[in-house]
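Notes for the one structure printed next.
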Ligand code: PLP
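Numbering (my numbering), first residue to last: 876 to 1261.
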C-alpha cells in the first residue's frame, strides 16, 4: 500500500481522543466529569427537533442543492442582518455539514506548497492540521495571555509576506475564550488594505457567546474586505446542535461557486431534514440560546474563581465561547502531564493546551459546558491531587 505523502501531515483534534478515554473510564464504572469536549451540555431546543421530524414526515428525503435550500440561505441572510447588521446575498452562502468543512474547503482552496497561511496558536487544532495537509506552510499567530488572548494586529500584519494567501481569525476563540476587540479588528482590517493578495477566513462560530456586555464584531463590518472574506458560522454551538452537523459559510462572489463545487465533490448536500431544522432554529424563539448563554456566564465566573484558588494555577477571565484556559506552569507539570493526572487520578477530563498548538504549552483547556455542581466537584478533586 502506498499512501499519498500528505496523509502523514494530517493532525487531529485531541478533544475527541480525550472523550474516548473518558468514555472508556466510564465504562469501567468510574465517575468521570467531562470538562474536555467543546459542546453545550443542553439538548437541542424541542421546536428545532420537531421541525426536523416534520420535514421527514413531509417527505424531505432527497438531495437538495449543494449550496443548501433557498429558504435556509434566506434565513441565514436575515440572521446576519439581525445580528451583524450587514446585508448579504443568499447566493454567496453555502450550507455545510458543520463548521469544519468551511475551514477544510477554504484552506484547500488557498493552500499548496510554497503558500503561507497564518492561523491562531493556541487555536482550533484543525487549522494547523489542514494547512499542513494542503502542503502550505503554517505561520502561527501567537495569542498572548497578557492581552487576554486577543491578537496584535501589528504583529499579524508585520508577518505578511508575498507568499501569504490566507489569514485565519477566530473570535470569540477556542481554546482561550479570548475575543478580539473592535479597535484591534479595525487596525487589522485597515492594515489589510495594503495587502490585497491576502484573503481572510473569519471563524465566528461562537459569535453569540459573549459576556460582560461585549458585542460580537464581525469582519463583515469592513466593506473593503468583502471580496476576499470567508465567514464561518453554524448551528453547533449556538443551538446545541453539534451532532446534527449543520453550518454555513459566506464566500465572496469569486469563491462561492468553488465552495459549492467542493461540496458536490465531497458530500453532495447537507441532509434535508437538518436544513429545515436550521430554519426553525434561526426563525424561532431565541430564549433557549439566551438561557444557555446566561448559564454559561454563571459557570464561567464559578470556574474562573475556583481555578484561581488552585495552587499553581492562574486564569484570566474569558470573555467569550465556553472555555477557560488557565496558566498551569506553577504546578510544575507540563500541560500533557497535568491533563493525564487530572483524568487518571481525579477522573476529570480536560484538554492539554498543546493540543491547540505548540504555544499552548503551560495551559490546559477547561470547557465549562458542564453543570455548576459538576464544575465544583471537578475543582475539589483537582485541588486534592494538586
Ligand atoms: N471553529 C471552532 C473555533 C470550533 O471550536 C469548532 C468546534 O469545536 C468548530 C469551528 C467546528 O464546529 P462544528 O462542530 O460545527 O464542525
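Where is the CB? At the ideal position from N, CA and C, for every residue including glycine. From a predicted model like this one, the values you see are computed outputs, not experimental measurements.
Limits of the alpha helix (DSSP H) - the one that residue i falls within
i            : result
residue 1009 : 1000-1009
residue 1154 : 1147-1158
residue 901  : 889-902
residue 1257 : 1247-1260
residue 1140 : 1131-1141
residue 1082 : It is not in any alpha helix (DSSP H) - residue 1082 carries neither H nor E in the DSSP assignment.
residue 1018 : Looking at the DSSP string, residue 1018 is not in any alpha helix (DSSP H), and its letter there is neither H nor E.
residue 1178 : 1162-1183
residue 976  : 975-985
residue 1065 : 1057-1067
residue 1052 : No alpha helix (DSSP H) holds residue 1052; DSSP gives it neither H nor E.
residue 1032 : 1028-1033
Continuous beta strand (DSSP E) stretch holding residue i: start and end
i            : result
residue 969  : 968-971
residue 1241 : 1239-1242
residue 1108 : 1104-1109
residue 1040 : 1039-1045
residue 1075 : 1074-1078
residue 1122 : 1122-1125
residue 991  : 991-996
Alpha-carbon spacing of residue i relative to residue j, whole angstroms
i            : j            : result
residue 941  : residue 1138 : 6 Å
residue 1079 : residue 1108 : 5 Å
residue 939  : residue 1146 : 8 Å
residue 1087 : residue 1019 : 20 Å
residue 1015 : residue 1038 : 14 Å
residue 909  : residue 1002 : 24 Å
residue 1102 : residue 1041 : 13 Å
residue 1068 : residue 986  : 21 Å
residue 976  : residue 881  : 18 Å
residue 1104 : residue 1063 : 13 Å
residue 1214 : residue 996  : 19 Å
residue 1126 : residue 966  : 9 Å
residue 1059 : residue 1017 : 15 Å
residue 835  : residue 1196 : The first residue shown for the chain is 876 and the last is 1261, placing residue 835 beyond what the model contains.
residue 1247 : residue 1171 : 9 Å
residue 1075 : residue 1083 : 21 Å
residue 1030 : residue 1013 : 16 Å
residue 1085 : residue 1114 : 15 Å
residue 998  : residue 983  : 18 Å
residue 1091 : residue 1253 : 31 Å
residue 1034 : residue 913  : 31 Å
residue 1071 : residue 1130 : 16 Å
residue 1165 : residue 968  : 25 Å
residue 1245 : residue 897  : 14 Å
residue 1224 : residue 974  : 24 Å
residue 927  : residue 1156 : 10 Å
residue 1268 : residue 907  : No statement about residue 1268 is possible, as the shown extent of the chain runs from 876 to 1261 and does not include it.
residue 959  : residue 1208 : 42 Å
residue 1240 : residue 1116 : 21 Å
residue 1065 : residue 1162 : 36 Å
residue 1073 : residue 993  : 10 Å
residue 1046 : residue 1077 : 8 Å
Per-residue burial, residue i [other beta carbons within 10 Å of its own, 16 or more giving buried]
i            : result
residue 1221 : buried
residue 918  : exposed
residue 1188 : buried
residue 970  : buried
residue 1136 : exposed
residue 1036 : exposed
residue 1181 : buried
residue 1120 : buried
residue 991  : buried
residue 895  : exposed
residue 1255 : exposed
residue 1112 : buried
residue 883  : exposed
residue 950  : buried
residue 988  : exposed
residue 1218 : buried
residue 1260 : exposed
residue 1193 : buried
residue 1052 : buried
residue 1049 : buried
(request) Return the chain-ordered ranges of every beta strand (DSSP E) run that is complete within the segment 905-951 and spans a minimum of 3 residues. (result) none
(request) Decide yes or no for the touch test of the segment 1228-1240 against the segment 1199-1212: beta carbon pairs closer than 8 Å, at least 3 of them. (result) yes
(request) Would you be able to state if there are at least three C-beta pairs under 8 Å between the segment 1168-1175 and the segment 924-938? (result) no
(message) Would you call the segment 1141-1158 in contact with the segment 945-964, where contact means no fewer than 3 C-beta pairs closer than 8 Å?
(response) yes
(message) Please give the ranges of any alpha helix (DSSP H) in the segment 1186-1233, keeping only runs that are unbroken, at least 4 residues long and fully inside the region.
(response) 1210-1221
(request) Could you say if the segment 948-966 and the segment 1236-1248 meet the contact criterion of at least three C-beta pairs nearer than 8 Å? (result) no
(message) Tell me whether the segment 1006-1015 and the segment 887-894 touch, counting them as touching only if at least three CB pairs, one residue from each stretch, are closer than 8 Å.
(response) The way I'd put it, the segment 1006-1015 doesn't touch the segment 887-894; fewer than three beta-carbon pairs between them come closer than 8 Å.
(message) With a threshold of 8 Å, are at least 3 pairs of Cβ atoms found where one atom belongs to the segment 894-901 and the other to the segment 1088-1099?
(response) Counting Cβ pairs under 8 Å, fewer than three are found: no touch.
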